[in-house]
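Below: the structure, in structure tokens.
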Ligand SMILES: Nc1ncnc2c1ncn2[C@@H]1O[C@H](COP(=O)(O)OP(=O)(O)OP(=O)(O)O)[C@@H](O)[C@H]1O
Ligand code: SF4
Ligand SMILES: [Mg+2]
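Here it is as structure tokens:
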């Protein structure tokens, strides 16, 4: 959408987040991850379970708990380096400038307060409205999130709402402080298909009317196709391919992206569903070379011994595309 030459709203630079395993070894759940989201843009972050999507999101918000920690990299948001901020400065950004929506609303919503109280409290904490005005604005945000009968629902507790309504309430809570960026981690995964479509419609509509940027985390490339401008594909904690959605879907460069796309139903060329054989390795179990090598049908000899670096642009007309794979490095025996 708005990929201009100005600095992006969010820039993650070579982020590394590690966990200390029960056996005492350190292992990177997120490694060398760089990404950028411009104002008003939607970046889809996609990958199978265990690929490091949530750890990336939590790292950006600096919510990774021990035994996890960020050991390298920079996170720049609205021109500030979040890794150098004090906790009180971060609190003024979390929920205010960056809103977040999680898969399971019960984690974010407090069970002992009504949803109206929680939205009003957020407005109050951030100094945006107080008392009666805050309560009135909470109802307006519930209305904006298309919660039916918002006056009545504002007085209800999270457990009184259906899954879809709880997710709408969490979206209202994430948006009420009018952030410039929303990080949504699998916002529709726990919902049934019809409600999923409604929530995606809502996010799309609010994104347009409020000019929001969105970091949308999902394991579903179908959601990426519908919602995102750009896509970053994560595997084994590393971004293996990145680029504009239309280009990546048309000419996927990384064997993992090709495998994910082959699993997507409804492809124009009628390819059959072919799940990628094998599973994402557990933390600390990555092979020494390319993390995807044990599952890769295209692997070269070098792939088993050496981790591939990033090729920053591929082919012709490849503006803004990058891939991490030896197939795109002629010096390693790839096609270039
Ligand atoms: N608190 C933790 N302690 C140890 N390992 C962790 C912790 N949190 C995540 N991990 C590991 O980090 C890796 C990445 O996990 P992450 O939750 O980011 O995956 P994900 O892509 O979000 O998967 P899913 O689609 O299942 O949500 C996994 O191997 C996971 O087991
Ligand atoms: S680097 Fe090698 S193993 Fe890894 S995805 Fe590319 S070809 Fe496959
Ligand atoms: Mg996750």
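Residue numbers (our numbering): 137 to 472.
Heads up, the beta-carbon is just placed ideally off N, CA and C, and yes, glycines get one too.
In chain order, what are the residue ranges of uninterrupted beta strand (DSSP E) at least 3 long that sit wholly in the region 277-360? 317-321 and 349-354
Could you check if residue 177 is buried or exposed, using at least 16 other CB atoms within 10 Å of its CB as the buried criterion? As a first step, residue 177 must be located in the chain shown, where it is residue number 41. When all chains shown are included, residue 177 counts as buried.
Provide the residue(s) that pair with residue 375 in DSSP beta bridges, ordered along the chain. Here residue 375 refers to the residue found at position 239 when the chain shown is read from its first residue. For residue 375, which the question treats as bridged, DSSP gives the partners 370.
Within 8 Å, strictly: CB atoms of residue 152 and residue 207: Position 16 of the chain shown, counting from 1, holds the residue named residue 152. Position 71 of the chain shown, counting from 1, holds the residue named residue 207. Against a cut-off of 8 Å, the Cβ pair of residue 207 and residue 152 comes out as a contact.
Helix or strand or just coil, what does DSSP make of residue 408? Stepping through the chain shown from its first residue, residue 408 is reached at position 272. Any reading at residue 408 must be qualified, since the residue scores a pLDDT of 49, below 50, and its modelled position is unreliable; the value itself is stated next. Note: residue 408 maps to coil in three-state DSSP.
Could you spell out where the beta strand (DSSP E) holding residue 182 opens and where it closes? Numbered from its first residue, the chain shown carries residue 182 at position 46. First-last of the beta strand (DSSP E) with residue 182: 178-182.
Express the C-alpha separation of residue 389 and residue 238 in angstroms, rounding to a whole number. As a working mapping, residue 238 is identified with position 102 in the chain shown. As a working mapping, residue 389 is identified with position 253 in the chain shown. Rounded to the nearest angstrom, the two C-alpha atoms are 30 Å apart.
Whose C-alpha, out of 463, 419, 429 and 466, is nearest the C-alpha of residue 185? By 1-based counting over the chain shown, the position of residue 185 is 49. Cα-wise, what sits closest to residue 185 is 419.
Residue 447 versus residue 183 - alpha carbon distance: Within the chain shown, numbered from 1, the residue matching residue 447 stands at position 311. Within the chain shown, numbered from 1, the residue matching residue 183 stands at position 47. Whole-angstrom Cα-Cα distance: 20 Å.
Distance between residue 312 and residue 322 (C-alpha atoms, nearest Å): Here residue 322 corresponds to residue number 186 of the chain shown, with the count starting at 1. Here residue 312 corresponds to residue number 176 of the chain shown, with the count starting at 1. Approximately 20 Å between the Cα atoms of the pair.
Could you tell me the alpha carbon to alpha carbon distance between residue 370 and residue 422, rounded to whole angstroms? By 1-based counting over the chain shown, the position of residue 370 is 234. By 1-based counting over the chain shown, the position of residue 422 is 286. Distance between the alpha carbons of residue 370 and residue 422 is about 14 Å.
With respect to 7 Å, is the separation between the Cβ of residue 423 and the closest non-hydrogen atom of ligand 2 below this value? Taking the first residue of the chain shown as 1, we reach residue 423 at position 287. It does not: the Cβ of residue 423 is nowhere closer than 7 Å to a heavy atom of ligand 2.
Is the Cβ-Cβ distance between residue 445 and residue 379 less than 8 Å? What you label residue 445 is simply residue 309 of the chain shown in a count that begins at 1. What you label residue 379 is simply residue 243 of the chain shown in a count that begins at 1. No, Cβ-Cβ distance for residue 445 and residue 379 is not below 8 Å.
For residue 386, is the beta carbon positioned less than 7 Å from some heavy atom of ligand 3? In the chain shown, residue 386 corresponds to position 250, counting from 1. Not so, every heavy atom of ligand 3 lies at least 7 Å from the Cβ.
Using the DSSP secondary-structure output, state which residues sit across from residue 172 in a beta bridge. On the chain shown, position 36 is the one that residue 172 refers to. Bridge partners of residue 172: 147.
Within the same chain, show all residues whose beta-carbon is closer than 7 Å to that of residue 364, passing over the 5 residues directly before and after it, in chain order. Locating residue 364 in the chain shown gives position 228, where the first residue counts as 1. Correct list, in chain order: 178, 179, 180, 352 and 381.
Among 331, 192 and 349, whose alpha-carbon lies nearest the alpha-carbon of residue 210? Here residue 210 refers to the residue found at position 74 of the chain shown. Comparing Cα-Cα distances from residue 210 to each of 331, 192 and 349, the minimum goes to 192.
Quick one: what does DSSP say residue 416 is sitting in, helix, strand or coil? As a first step, residue 416 must be located in the chain shown, where it is residue number 280. Here residue 416 sits in coil by DSSP.
Pull up the distance between the alpha-carbon of residue 289 and that of residue 283, whole angstroms please. Taking the chain shown and counting its residues from 1, the one referred to as residue 289 is at position 153. Taking the chain shown and counting its residues from 1, the one referred to as residue 283 is at position 147. Between residue 289 and residue 283, the C-alpha separation is close to 8 Å.
Report yes if the C-beta distance between residue 170 and residue 148 is below 8 Å; otherwise report no. Indexing the chain shown from 1 puts residue 170 at position 34. Indexing the chain shown from 1 puts residue 148 at position 12. For residue 170 and residue 148, yes; Cβs fall inside 8 Å.
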